[in-house]
Amino acid sequence: PEALEFLARQFREKTAKKVYWAVVKGQLAPTGSWRSGLVRDPRHRQRFTVAPEDQGKWAWTDWQVLEVRGHWSWLALYPHTGRTHQLRVHCSQAGHPILGDPVYTRPHAEFPDAPLMLHARSLTLTLPEGGQRTFTAPIPQDFREIGERAGFVWPDTEPY
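Per the working numbering, the very first residue in the sequence shown carries number 1; after that it's consecutive.
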């Protein structure tokens, strides 16, 4: 129970480090940050939208461009908060919707079969005995295949 509480506290206190990969439409600056309030969209209750920082639930996402191929960018997303649809809303509202997102964008003609191209890549936690441990998830096959069709070369090792 003590170890579980130790680990659970990292999620409550937002000290667990999460990295997501996404393939988005368009090109962004090499790095950046989105900070906003998030509120439920009054017209489409299953969606969320950005709001001024003092309204809704505070959400903060940093990003880094890992690679660009044509009009697609492969991003590493670093959420500092864990709001529902946070990454999807931030990307979409910035004009860079995630490929395959059925809620925040329409299917793209080039990839009508694309799944949601958002992947929880890694999680880094501090261990009760000290030190940190990073858990890395393999790239799902459908994500890998669509990304390769877009021209991305996925790493065999973990550089990101």
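Where a beta carbon is used, it is the ideal one built from N, C-alpha and C, also for glycine.
> From Tyr-104 to Leu-125, what does the alpha carbon distance come to, in whole angstroms?
Replying inline: 31 Å
> DSSP three-state call for Ile-139: helix, strand or coil?
Replying inline: coil
> Tell me the DSSP bridge mates of Tyr-78?
Replying inline: Asp-62
>> Helix, strand or coil, according to DSSP, for Gly-151 in the structure here?
In response: coil
> When DSSP labels each residue in this structure, what does Leu-118 get in the three-state scheme?
Replying inline: strand
> From this set, Glu-110, Lys-14, Gln-93 and Pro-97, which residue's C-alpha is nearest Lys-25's C-alpha?
Replying inline: Pro-97
>> Quick check: what's the CA-CA separation for His-85 versus Arg-47?
In response: 8 Å
> Starting from Arg-88 and walking both ways along the alpha helix (DSSP H), at which residues does that stretch end?
Replying inline: 86 to 93
> In or out: Ser-33 buried (at least 16 other Cβ within 10 Å) or exposed?
Replying inline: exposed
> If you draw a straight line from the C-alpha of Asp-142 to the C-alpha of Arg-106, how long is it?
Replying inline: 19 Å
>> Just to confirm before moving on: does the CB-CB distance between Ala-51 and Pro-128 stay below 9 Å?
In response: no
> Is the beta carbon of Lys-57 sitting closer than 9 Å to the one on Leu-38?
Replying inline: yes
> Opposite His-108 in the DSSP bridges: which residues?
Replying inline: Phe-111
>> Going by C-alpha to C-alpha distance, which of Gln-27, Pro-155, Trp-63 and Gly-82 sits closest to Glu-13?
In response: Gly-82
>> Taking the straight line between their C-alpha atoms, what separation do you get for Gln-64 and Pro-155?
In response: 16 Å
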